[in-house]
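All letters in the sequence shown, in the order written, are residues 4 to 341 by this note's numbering. Ideal Cβ positions, reconstructed from N, Cα and C, are used throughout, including at glycine. Single-structure report; data block below.
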Amino acid sequence: MKKTTTIGLAVVLAVALASCAPQSSVKSGAAMAESLIRLLPKPTGGVIAIDVQRITGTEAAVKALQDPQAKQKYDEFVTMSGIDPMKDINFVVIGLDGAPPAIEEKGSVIVNLKYDKDKLLGLLKEKAPELETEIYNGVTIYSGFEAEEKKRTSRGAFLDGSHIVIGSEAGIKGIIDVHQKKAESIVKNVEMSAILKKVDKAGIAWGAFVIPPDLIKKGIETSPQLKVLEGVTAMTMAFDYKLATFTADIRTLGGTKEQNANLASALNGFKALGGMMAAQEPAVGDVLNGLEITSGPDFTRLHLSLSQEVMDKLGKLAQSKAGDFMKIKKDEPQEEKK
């Protein structure tokens, strides 16, 4: 079940990225992504890379800041932190290690940006009076900055003058070890290196993941209908925007030609079910029309292509649905206090 959920989330991520896709060609940040990925520990089993400069330069981001309230909050953040996301944050790489719940225990985020350490540290101490510190190999790791005590599992550290790391204790310490050449990098992970070579890294965002065989096996044991996932060993994602068209290429890797054909057939079945919504929501039909599901000897591919017109329709649909949800919540009877 987790695997089909992962594929579903990948499609949702594709549509979400479409709403903020860039309106002009920008030089790829692939080289920067590669340098950040090299900081991830060898056991890393999943990578997500986001070119923030390209995302923040999109029409959606510019439009968002035209709203007076949004602009005010944005300016307040810039003044408070000294960081202007549209100018100072370059790239973000997320490293995942293992399957849930291990991801939460070992995941990490590396942010490449321009920042003032003293200003950020002062703000951190002001907003989190219970801030705690730990020195690890000469690097200070901060914790206790989450608002709710039960959620205080994240850590943060200033890795160097242009990198901040956030994540679990194990995740951050692993990055510090790699940075100080005390541990091997993900580039020494043969399995992940092979998967990373198959990803198109020229777009606005991309990802690569190892799918542990045990995860698939347990899923099939729990839900026999998931047997269509048998043989899947990895997944890749690549997102981009060119010539007024957003594209997403999502692939499962591994398996035989027959297994991949069966998976593609199952996914096309879900697509057909989704088509029933098209009569009520034409924008949904436009998305499904732009979704092509195919397979090959060692992969199953979901390719999504959305024009700017369709993306605008999706934006309006999302706004209307959000408004309907808020109205329903507002009209719900208040629970009586006893």
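Go ahead and pull the three-state DSSP assignment for residue i.
| i | result |
| --- | --- |
| P285 | helix |
| R57 | helix |
| F148 | coil |
| S268 | helix |
| E187 | coil |
| P300 | coil |
| N263 | helix |
| N140 | coil |
| L68 | coil |
| L43 | coil |
| T8 | Low confidence applies here, because T8 scores a pLDDT of 44, under 50, leaving its location unreliable; read the following figure in that light. In the structure shown, T8 sits in a helix (DSSP, three-state: H, G or I). |
| G49 | strand |
| G257 | strand |
Note the first and the last residue of the continuous alpha helix (DSSP H) segment covering residue i.
| i | result |
| --- | --- |
| Y77 | P71 to S84 |
| V181 | E172 to H182 |
| D87 | Careful: D87 lies outside any alpha helix (DSSP H) and carries neither H nor E. |
For the ligand SAH, is there any heavy atom lying closer than 7 Å to the beta carbon of residue i?
| i | result |
| --- | --- |
| G49 | As presented, the structure is devoid of all ligands, the ligand SAH included, so that no description of it is given. |
Determine, for residue i, whether the minimum Cβ-Cβ distance to residues of chain D falls below 8 Å.
| i | result |
| --- | --- |
| Q69 | Absent here is chain D; the protein component of the structure consists of one chain. |
With the cut-off set at 8 Å, would you say residue i and residue j are in Cβ contact?
| i | j | result |
| --- | --- | --- |
| V95 | I53 | yes |
| A251 | T303 | no |
| A211 | V50 | yes |
| D100 | G141 | no |
| G293 | L309 | yes |
| G177 | R158 | no |
| P44 | I167 | no |
| K3 | L291 | Residue 3 lies beyond the residue range present for the chain, which begins at 4 and ends at 341; the question has no answer from this structure. |
| V213 | A247 | no |
| L127 | I198 | no |
| K122 | G147 | no |
| A286 | K316 | yes |
| D91 | L68 | no |
| M89 | T59 | yes |
| I97 | Y139 | no |
| A36 | K184 | no |
| I253 | R57 | no |
If you count every other CB in all the chains shown that lies within 10 Å of the CB of residue i, and 16 or more means buried, which is it?
| i | result |
| --- | --- |
| L232 | buried |
| M240 | buried |
| R41 | exposed |
| A325 | exposed |
| M83 | exposed |
| P104 | In this predicted model, P104 has a pLDDT of only 47, less than 50, meaning its place in the structure is not dependable; the value taken from the coordinates is given anyway. Result: exposed. |
| L270 | buried |
| Q262 | buried |
| T259 | exposed |
| M3 | Outside the modelled stretch of the chain, which goes from 4 to 341, sits residue 3, for which no answer is possible. |
| D243 | buried |
| A160 | buried |
| S28 | Note that S28 has pLDDT 36, beneath the 50 cutoff, so the model's placement of it is unreliable and no number is given. |
| V112 | buried |
| A282 | exposed |
| S323 | exposed |
| A73 | exposed |
| V202 | buried |
| A34 | exposed |
| I10 | In this predicted model, I10 has a pLDDT of only 47, less than 50, meaning its place in the structure is not dependable; the value taken from the coordinates is given anyway. Answer is buried; the Cβ neighbour count reaches 16. |
| G110 | buried |
| L276 | exposed |
| F249 | buried |
| S298 | buried |
| V193 | exposed |
Terminal residues of the continuous beta strand (DSSP E) containing residue i?
| i | result |
| --- | --- |
| L99 | I92 to L99 |
| L39 | It is not in any beta strand (DSSP E) - L39 instead sits in the alpha helix (DSSP H) that spans A33 to I40. |
| L162 | R158 to D163 |
Q. What are the start and end residues of each continuous alpha helix (DSSP H) run of 4 or more residues lying completely inside the region 193–255, in chain order?
A. Whole alpha helix (DSSP H) segments, 4+ residues: 193–199 and 216–225.
Q. Where in the region 111–137 do unbroken runs of the alpha helix (DSSP H), each at least 4 residues long, occur, reported from the N-terminal end onward?
A. Those alpha helix (DSSP H) runs which fall completely within the region 111–137 and span 4+ residues are 120–130.
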